[in-house]
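Chemist:
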Amino acid sequence: MDSTVDIDHFLAHLQVKWLGLGFKSLCATVIGLHLAALFGWYAVSWVASPLRKYNGPFLAVTNFWRFALVCTRSNYYKTVKKLHDEHGPVLRLGPNLLSLDYPELIKTIYSTDGKWKKTEAYENNSTVVDGKITYNVFSTTDQAEHARMKRPVAKYYTTGSALAVEGHMDAMIDELCSHIEQRFIEGDNKPKAFDFGKWIGYFMFDLVTKLTFSYPFGYMKNGCDFDHLLESSEKVIDYFQRIGQLPWLDFWLDKNPIMKIGPPNLDNTARIAVDFMTRRMQGTDDYDARTPDFLQHFVDAKATHPDLVDNSMILSHTLINMEAGADSVAIILRSAFYYGLRSPETYRKLEAEILAAGLDGEKPVPYSVARQLPYLEAFIRESLRIHPVVAMPLERYVPEGGLKLPDGSFVPPGTAVGINPYIVGRNKAVFGEDSDEWSPERWLQAPGEDDEAYQQRLKRMNAGDLSFGAGSRICLGKNLAYLELYKTLATLVNRFEIELADPSKEWHVLGSWLTIQKGVIVKMKLRKTV
Ligand code: HEM
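Here the sequence shown is numbered in my numbering, starting from 11 and rising by one per residue.
1) Is it the case that the Cβ atoms of residue 503 and residue 360 are separated by a distance below 8 Å?
2) Taking 8 Å as the limit between beta carbons, can you name the residues of its chain near residue 290, skipping five residues before and five after?
3) With residue 323 as the anchor, note down where its alpha helix (DSSP H) starts and where it stops.
4) I need the boundaries of the alpha helix (DSSP H) containing residue 137, first residue and last residue.
5) Need the endpoints of the alpha helix (DSSP H) that residue 477 sits in, please.
6) According to DSSP, what are the bridge partners of residue 204?
7) In the DSSP assignment, what are the bridge partners of residue 102?
8) Looking at the structure shown, is residue 129 part of a helix, part of a strand, or coil, going by DSSP?
9) Tell me whether residue 114 sits in a helix, a strand or coil according to DSSP, three-state version.
10) Is the distance from the Cβ of residue 330 to the Cβ of residue 312 below 8 Å?
11) Could you spell out where the alpha helix (DSSP H) holding residue 386 opens and where it closes?
12) Determine the DSSP secondary structure at residue 255, reduced to helix, strand or coil.
13) Between which two residues does the alpha helix (DSSP H) carrying residue 191 extend?
14) For residue 338, is the beta carbon positioned less than 7 Å from some heavy atom of ligand 1?
15) Tell me whether residue 540 sits in a helix, a strand or coil according to DSSP, three-state version.
16) Got a sec? Which residues, its chain only, sit under 6 Å from residue 263 by beta carbon, not counting five neighbours each side?
17) Any heavy atom of ligand 1 inside 7 Å of the beta-carbon of residue 397?
18) If you measure between the beta carbons of residue 256 and residue 389, is that distance less than 8 Å?
19) In the structure shown, what three-state DSSP assignment does residue 519 receive?
20) Exposed or buried, residue 457, counting other C-beta atoms within 10 Å across all chains shown (16 or more means buried)?
21) Three Cβ pairs or more, each shorter than 8 Å: is that satisfied between the stretch 276–294 and the stretch 152–163?
22) Is it the case that the CB of residue 160 approaches a heavy atom of ligand 1 more closely than 7 Å?
23) Can you name, in chain order, every residue of its own chain whose Cβ lies under 6 Å from the Cβ of residue 14, other than the five neighbours on each side?
24) Under the three-state reduction of DSSP, which class applies to residue 526: helix, strand or coil?
25) Pick helix, strand or coil for residue 506, following the three-state DSSP scheme.
26) In three-state terms, what does DSSP make of residue 270?
27) Give the list of continuous beta strand (DSSP E) stretches no shorter than 3 residues that lie fully inside the stretch 396–449.
28) How would you call residue 527, buried or exposed, if buried means at least 16 neighbouring beta carbons within 10 angstroms?
29) Of the choices 536, 513, 495 and 139, whose alpha-carbon is the least far from that of residue 377?
30) Counting C-beta neighbours from all protein chains within 10 Å, is the total for residue 3 16 or more, i.e. buried, or is it exposed?
31) Less than 8 Å between the C-beta atoms of residue 517 and residue 530, yes or no?
32) According to DSSP, residue 144 sits in a beta bridge with which residue or residues?
33) Just how far apart, CA to CA, sit residue 439 and residue 427?
34) Among 118, 233, 319 and 108, which has the Cα closest to the Cα of residue 155?
35) Who are the near neighbours of residue 37 in its chain, counting only those whose CB is closer than 7 Å to its CB and skipping five residues on each side?
36) When you measure from the CB of residue 433 to every non-hydrogen atom of ligand 1, does any distance come out below 7 Å?
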């Protein structure tokens, strides 16, 4: 038999058949085969997965589920909270990701031993410089690189160093108060409703740029996001939280060498930062050494650690200050006023404490004084708990040796696990049965509670507080943030009578990596008519 003829015959037959099927059917067949292969692959990897024993939504067999959840901005953290309520403390959020609600594991997972590495979810928050991906102190997943970046600058973020820049904070708090007085209070102390949430954003971006360069960019002066930095920052965060669910997408979207389809680059801001840097190094700006700023600190760090800090690292640190330091504190200020003013009995207690301190109504409240006010402290801690800045799992890889969970099960090395500050912040065993409610009182000794019981309870709450992260990757700006929060809250409450324009109206929360809120509309009056 002639096999060549047979093959020709077969091919001709196949061609006729396929042509007969028509183009549409052909496409449908090809797509169908691909989908079948994909589902087959998911099914096999799912059956073989060591995480199969954990509960989670069915669609979490792929990471597309959580990607879609973040993309729809439909309150990712609320959905995940509901799922935890339904399934318990271990929740499978993806083929290789567990969300854990075990406060007792915070010390293990967010340790200082460098073994629990951040996952690739963080890496997209990096830039391409001269064709090379350049990570920053937040985005690097390499612990050794992280230590090299952090070591020369960590000392500038201590409370002592933050106090050295208190003068810059005072200047910006003063400016915020004057804008409120001039723009939103009429001559006879008549309040005009305004978007305080937006102004908190302008204030914080001015404050952070003042602290960094001794020069506020001018959002309050302009009364708007005149150069779109606030808008761009939100887009950068939005990209970060979405692509963090499917990290490989970053290579195709932002890091590909042909056409970048990533978040808006902060070129304009980077240019301004480079300009400041150049003038500072040449000594041609009007920097006043009596009130240091972060740019000077970073320039000094280059002098003391020339092997670790170069100009691009200085630039990276200044940009991180803006990216990480403005929206975060703004979120907590909004949280404090929103929750506080919706619970007038708690707000009245705060007012009473601040007014009783006999502070000068014309000046920003010094941190040393604000720090002594226990109800203010409770207010700030509750604002951080009930509406944390970050409401997604802080993902880490389980190192060699695996992880034994309190339920006795074993999570193999290489699994991504994370505790979510929002979920753990509402853990009833730690924060009480009313953990879904706003209650600054929970941080204080309750009437009839003895000292020891209170100290035990406080210790438990402190250990379960992940609002600033923990371990070697704990928030670098924590001390600075506390200073800003204490001073700004105390000064505003001391100087103005504040109420929500419509207490029944809820705010709108934009995302989950940063839980930025829109719509905190207030009316303010001067406490004393001047
Ligand atoms: C209320 C204010 C703030 C909150 C609640 C907050 C929260 C956080 C959290 C939860 C993390 C840990 C992320 C993780 O482990 O995945 C973090 C990291 C970080 N934050 Fe903040 N942050 C605040 C303010 C600031 C400020 C003011 C700055 C700087 C000026 C800053 C700079 C950073 C940096 C650089 C990191 C990365 C640290 C590292 O990986 O070593 N943050 N922050």
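Idealized CB from N, CA, C, for every residue including glycine. It should be emphasised that the depicted structure is a prediction, and the values quoted were computed from it without experimental measurement.
Modeler: So, to answer that:
1) yes
2) 297, 305, 306 and 309
3) 321–335
4) Where residue 137 is concerned, there is no enclosing alpha helix (DSSP H), although the beta strand (DSSP E) it sits in stretches over 137–139.
5) From DSSP, residue 477 is part of no alpha helix (DSSP H); its letter is neither H nor E.
6) 532
7) 108
8) coil
9) helix
10) no
11) 384–396
12) coil
13) 176–194
14) yes
15) Interpretation of residue 540 is limited by its pLDDT of 42, a score under 50 that renders its predicted location unreliable; no figure is taken from the coordinates.
16) 271 and 272
17) no
18) no
19) strand
20) exposed
21) no
22) yes
23) Confidence in residue 14 is poor, its pLDDT being 48 and thus under 50, which makes the residue's placement unreliable; the coordinate value appears in the next sentence. Around residue 14: no qualifying Cβ.
24) coil
25) strand
26) coil
27) 404–407 and 426–429
28) buried
29) 495
30) Nothing in the structure corresponds to residue 3, since the chain is present only between 11 and 540.
31) yes
32) 137
33) 21 Å
34) 319
35) none
36) no
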